[in-house]
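Quick notes on the structure that follows.
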Amino acid sequence: MLCSTWNSARPERHLAIRRGFVQIVALSLVFATLLSGSFALAQNEATPTDPLNERQKLLAVRYQRLEKMLEQMAQYMWKTDPERAELLMRAIGQSKQNRISDQMEQISQLLEQQQLGEAFDRQEEAVQVLEALFQLLQSQDRLSEIESEQERIQEILKDLKQIAAKEKNLRIATERGGDMERLSEKQAEIAEQNKKLADKIKKQDQQRNGDEEESKESSEGENEDSENQESPPSDSQQPNGQQGDPKQGDPKQGDPRQGDPRQGDPQQGDPQQGQQQQGQQQQGQQQQGQQQQGQQQQGQQQQGQQQNEQQQQNQTPGRQEIEEAQKDLDEAIEELKKDQRENATEEQRQALEKLLAAKEKLEEILRQLREEERELVLASLEARFRKMLAIQITVNDGTETVSQTPADQWTSRHFGQVRELAQQEQSVELEAAKALSLLREEGSSVAFPEAVEQLLEDIQLVVKRLQKEDVGDFTRAVEQDIATALEEIIATLQQEMEKQSEQQQQGQQQGGGQPPEPGLVEKIAELKMLRTLQYRINRRTTQIGTLITGEQVEEQELVDQLDELADRQDRVRAATYDIATEKNQ
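Here you go:
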């Protein structure tokens, strides 16, 4: 209630928090930039006027402030924007887990001791950790951008494929000798459809680049104003039309200049020689002026080329080809009206060629967007599972500690500890549920959602047993299974990210290429995960078997556990079948 009242009464404060979050994301990148710039200097010897250890201490202090700001942002946004608050908390947890602040202080001590080699190595490690933290902070917004851009590109591709298919059929009809008037009408319809598509893409590009261009123009205007304010007026442009006073030591107006013949004295030198020198001087000035003019024109041409290249980079891939195809389509209409069948066919061929080239570019950028989305999803999942593992290890240690005291000797402190452990396990349950939702939404993996679902069931089982104040052998065994499962999932995610990085590097070295679109993880990783799930079922069956004393199971809880294991076995079988038949593709 307090949060909703604050949000409705003070919307400007909520907006400030949003802006602050963006500033924090930018600030984390600034830290990485500052560190990399400072770290490069660590290879040089520190001077009394430039103590590197002091600069490093300053960076450590600023980073500590950043962590506090992240915590404050998370608290403010916890109820108004829980997803973003959760992202901030994951970033804080990752920062503390990597002990970034401590690393910076240790680097400062190494610099103070003149151990520059080791300091430089530690600094490079810190930069990598900061870059990973920055990627985590921007992952949520970037994922939304990628999803939106994928939808836009897919819509353009759909329209473009229709236009290309119609143009291909029309060219075939033209070659076969169809009615020219009717062909001309159909060509006009295709040209109009292509023009609408080109205009739509152009409008989208203007909307996407509008904010950037406005900020750039504003920045350029501020720079020009600052330059005008900072540049002092020249002697010839002083206020009140006054000319600059002659400087001390310069000849005053009307006085004979130094080196010139005085009045009344015979002039020295040959008059012809003076005219020759004057002519050479004028010629040199003309040549210098022409050279400066040529350099200025060359600079303007280079600037124009850079602007054109930048405009093309800001354009949707394939837009230029679609616009060029429009000219060929218009020419084809004119040739059809003139009954020039061969010329019309050639124009249609060129238009179709450019439309197909645009289609290839759009498909390539769509593939790149999907790869980037996969990378961000993997990184987000890894960070989430690491957080879960850290909490789970704490729960396991706490359960082990409490179990060492017999239940009949428990005090209120022991009961309080068990309740706290149950609450911590519930936080792991919440994270697992979110990870499962993300995997199901992604949709390309079969084994991983199944693994996380079984993991979630084990976590829920531990929560129930801890709420019943049960810290027995079976509870601790399930807790250990949870920690092991998390470690296996994290290791698999890391392997997939490393493979993707290697594939991207190989693709760049080989000049591109279009490999098949990958799922979240490769098939071999899916099969390995299924094998791990089978091992877990076997291990759990053995654990339950040790709890059964007679030939028949009498305890209802054990019966429920066996029923659940049977259900898991059937789900593993179904997942194996789906992967074998590529049902998920």
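In the UniProt record's numbering, the protein residues as written are 1 to 585. Note that beta-carbon positions come from the ideal geometry of N, C-alpha and C, so glycine has one too.
- Task: Leaving out five residues on either side along the sequence, give the residues of the same chain with a beta carbon under 6 Å from the beta carbon of M180.
- Result: The residue labelled residue 180 in the question sits at position 180 within the sequence shown. Cβ neighbours of M180 beyond the five flanking positions: L336 and D339.
- Roughly how many whole angstroms lie between the Cα atoms of S408 and R440? Start at 1 with the first residue of the sequence shown, and residue 408 comes out as number 408. Start at 1 with the first residue of the sequence shown, and residue 440 comes out as number 440. Here residue 408 turns out to be Asp, not Ser, going by the sequence shown. D408 and R440: Cα-Cα distance of roughly 45 Å.
- Message: The alpha helix (DSSP H) that contains I459, what's its start and end?
- Response: To locate residue 459, count along the sequence shown from 1; it is residue 459. From DSSP, the alpha helix (DSSP H) with I459 extends over A447 to Q467.
- Message: What would DSSP say about S444, mapped onto helix, strand or coil?
- Response: Stepping through the sequence shown from its first residue, residue 444 is reached at position 444. Correct three-state label for S444: coil.
- Straight-line gap, T411 to Q424 (C-alpha atoms, nearest Å): Locating residue 411 in the sequence shown gives position 411, where the first residue counts as 1. Locating residue 424 in the sequence shown gives position 424, where the first residue counts as 1. Approximately 20 Å between the Cα atoms of the pair.
- Tell me which same chain residues have a C-beta within less than 6 Å of the C-beta of T475, skipping the five on either side of it? Translated into the one-based positions of the sequence shown, residue 475 becomes position 475. Around T475: R465.
- Task: Name the two residues that bound the continuous alpha helix (DSSP H) containing A74.
- Result: Within the sequence shown, the letter at position 74 stands for residue 74. L52 to M77 is the extent of the alpha helix (DSSP H) around A74.
- Task: Name the two residues that bound the continuous alpha helix (DSSP H) containing R176.
- Result: Residue mapping note: residue 176 aligns to position 176 of the sequence shown, counting from 1. Looking at the DSSP string, R176 is not in any alpha helix (DSSP H), and its letter there is neither H nor E.
- Pair every Cβ in the segment 469-488 with every Cβ in the segment 393-403, then say whether three or more of these pairs are closer than 8 Å. yes
- Task: Specify whether the segment 146-162 and the segment 118-130 touch according to this definition: at least 3 beta carbon pairs, one from each stretch, less than 8 Å apart.
- Result: no
- Task: Ignore the nearest five residues each way along the sequence and tell me which others in T174's own chain have a CB closer than 8 Å to its CB.
- Result: Within the sequence shown, residue 174 is the residue found at index 174, counting from 1. Same-chain partners within the cutoff: L183, L336, R341, A344, T345 and Q348.
- From what residue to what residue does the alpha helix (DSSP H) around T576 run? The residue you call residue 576 lines up with position 576 of the sequence shown. Counting along the chain, the alpha helix (DSSP H) containing T576 begins and ends at Q556 to A580.
- Might you give, ordered along the chain, the residues of its own chain that have their beta carbon closer than 8 Å to the beta carbon of E496, omitting 5 neighbours on each side? Taking the first residue of the sequence shown as position 1, residue 496 is located at position 496. Taken in chain order, the residues that qualify are L378, L520, V521, E522 and A525.
- Straight-line CA distance for A575 to E450? For the purposes of this step, residue 575 is taken as residue 575 along the sequence shown, with counting starting at 1. For the purposes of this step, residue 450 is taken as residue 450 along the sequence shown, with counting starting at 1. If I take the Cα positions, the gap works out to 8 Å.
- E522 lies in the alpha helix (DSSP H); which residues open and close that run? Translated into positions along the sequence shown, residue 522 becomes position 522. Note, E522: premise wrong, no alpha helix (DSSP H); not H, not E.
- Task: Could you name each continuous alpha helix (DSSP H) segment of 4 residues or more that falls completely within the segment 306-364, going from the start of the chain to the end?
- Result: 319-337
- Item | At least 3 beta-carbon pairs within less than 8 Å: the segment 155-166 vs the segment 94-107 | no
- Beta-carbon proximity of G93 to K387, cut-off 7 Å: As a working note, residue 93 is residue 93 in the sequence shown. As a working note, residue 387 is residue 387 in the sequence shown. Result yes, Cβ atoms of G93 and K387 sit closer than 7 Å.
- Whose C-alpha, out of R65, L87 and L143, is nearest the C-alpha of A74? For this step, residue 74 is matched to residue 74 along the sequence shown. Ranking R65, L87 and L143 by Cα distance to A74 puts L87 first.
- Excluding the five sequence neighbours on either side, which residues of its own chain have a C-beta within less than 8 Å of the C-beta of S215, listed in chain order? Taking the first residue of the sequence shown as 1, we reach residue 215 at position 215. Residue placement at S215 is flagged as unreliable, the pLDDT there being 45, under the threshold of 50; the coordinate-derived value follows with that caveat. Excluding sequence neighbours, S215 sits near nothing in its chain.
- Roughly how many angstroms lie between the CA atoms of Q109 and N53, to the nearest whole one? Taking the first residue of the sequence shown as 1, we reach residue 109 at position 109. Taking the first residue of the sequence shown as 1, we reach residue 53 at position 53. One C-alpha to the other measures close to 7 Å.
- Note down, in chain order, each residue of its chain lying with its Cβ closer than 7 Å to the Cβ of G249, except the 5 sequence neighbours on either side. Against the sequence shown, residue 249 aligns to sequence position 249. Its pLDDT being 43, under 50, G249 is placed unreliably in this model, and the value from its coordinates should be taken loosely. Nothing meets the Cβ criterion.
- Do V572 and L533 have their CB atoms nearer than 7 Å? The residue given as residue 572 occupies position 572 in the sequence shown. The residue given as residue 533 occupies position 533 in the sequence shown. Yes. Within cutoff.
- Query: CA-CA distance, E420 and L486?
  - Reply: Here residue 420 is taken as the residue at index 420 of the sequence shown, counted from 1. Here residue 486 is taken as the residue at index 486 of the sequence shown, counted from 1. Near 21 Å, if we compare the C-alpha coordinates of L486 and E420.
- Message: Please report the distance separating the alpha-carbon of Q579 from that of R531.
- Response: As a working note, residue 579 is residue 579 in the sequence shown. As a working note, residue 531 is residue 531 in the sequence shown. The residue you asked about is not Gln; residue 579 is Ile in the sequence shown. About 13 Å.
- Message: Quick check: the Cα distance between E185 and G177, rounded to an integer number of angstroms?
- Response: The count along the sequence shown starts at 1 and reaches residue 185 at position 185. The count along the sequence shown starts at 1 and reaches residue 177 at position 177. Their Cα atoms are separated by approximately 15 Å.
- Query: Would DSSP call K583 helix, strand or coil?
  - Reply: The residue labelled residue 583 in the question sits at position 583 within the sequence shown. Note: K583 maps to coil in three-state DSSP.
- Message: Helix, strand or coil for G117? Go by DSSP, reduced to three states.
- Response: By one-based count along the sequence shown, residue 117 stands at place 117. It is helical.
- Beta-carbon proximity list for Q193, same chain, < 7 Å, skipping 5 on both sides: Residue mapping note: residue 193 aligns to position 193 of the sequence shown, counting from 1. Excluding positions up to five away in sequence, the list reads I163.
- Task: Enumerate in chain order the residues of its own chain whose CB-to-CB distance from R122 is below 8 Å, with the five nearest sequence positions on each side excluded.
- Result: Here residue 122 refers to the residue found at position 122 when the sequence shown is read from its first residue. Around R122: Q103, Q106, I107 and L110.
- Task: Just confirm the distance between the C-beta atoms of A191 and Q368, as a whole number of angstroms; I'd bet it's less than 8 Å.
- Result: In the sequence shown, counting from the first residue as 1, residue 191 sits at position 191. In the sequence shown, counting from the first residue as 1, residue 368 sits at position 368. That pair is no contact at about 30 Å.
- Query: When we look at the beta-carbon of D458 and count the other beta-carbons within 10 Å, is it buried (16 or more) or exposed?
  - Reply: As a first step, residue 458 must be located in the sequence shown, where it is residue number 458. Result: buried.
- Query: Can the beta-carbon of E453 be found less than 7 Å from the beta-carbon of L438?
  - Reply: In the sequence shown, the residue the question calls residue 453 occupies position 453. In the sequence shown, the residue the question calls residue 438 occupies position 438. Against a cut-off of 7 Å, the Cβ pair of L438 and E453 comes out as no contact.
- Query: DSSP three-state call for Q552: helix, strand or coil?
  - Reply: Taking the sequence shown and counting its residues from 1, the one referred to as residue 552 is at position 552. Q552: coil per DSSP, three-state reduction.
- Between S144, K196, K202 and Q426, which lies nearest to R370 when the distance is taken from Cα to Cα? Walking along the sequence shown from the start, residue 370 turns up at place 370. That would be S144, whose Cα lies nearest to the Cα of R370.
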